[in-house]
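Visitor: In the working numbering, the protein residues as written are -8 to 99. Think of the CB as a built atom: it goes at the ideal place given N, C-alpha and C, for glycine as much as any other residue.
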Ligand SMILES: [Zn+2]
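1) Check each candidate in 3, 24, 0 and 19 and name the one with the smallest Cα separation from residue 82.
2) Just list the residues that DSSP pairs residue 13 with in beta bridges.
3) CB of residue 34 to nearest heavy atom of ligand 1: below 7 Å?
4) Would you tell me roughly how many angstroms separate the C-alpha atoms of residue 34 and residue 43, rounded to the nearest one?
5) Quick one: Cα of residue -2 to Cα of residue 77, how far?
6) Tell me the rounded alpha-carbon separation between residue 53 and residue 41.
7) Give the straight-line distance between the Cα atoms of residue 4 and residue 15, rounded to the nearest whole angstrom.
8) For residue 6, collect the residues of the same chain with a Cβ closer than 6 Å to its Cβ; drop the 5 residues on either side in sequence, then sort them by chain order.
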């Protein structure tokens, strides 16, 4: 079972609010203080990549809607393992450019 204290992004679909089934939640990778999950909602069939960042101030979660299936995400990761630097860069990109990223996603 999921940790009951898990951030909501790991337990509920942000798009339709349905609870994720356990098999829809996959751990993709971990690095210091950061964890990346692939979440598939069986209700609306959307997938979300969620990054959980733990720091001394608490836990932050970032969710990204993705077209990537878990298999693709895992394959992608096999090709180019996510390093701590990559995670930091992604974190910074999401932090600093999330508005731009959302705008681009909405334009597609
Ligand atoms: Zn959903």
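Guide: The structure says:
1) Comparing Cα-Cα distances from residue 82 to each of 3, 24, 0 and 19, the minimum goes to 24.
2) Bridge partners of residue 13: none, in fact.
3) Correct: residue 34 has its Cβ closer than 7 Å to ligand 1.
4) If you draw a straight line from the Cα of residue 34 to the Cα of residue 43, it comes to about 23 Å.
5) Within the model, the alpha-carbon separation for residue -2 versus residue 77 is close to 22 Å.
6) Using only the alpha carbons, I get a separation of about 6 Å.
7) About 11 Å.
8) Counting only Cβ-Cβ distances below 6 Å, and skipping sequence neighbours, we find 35 and 37.
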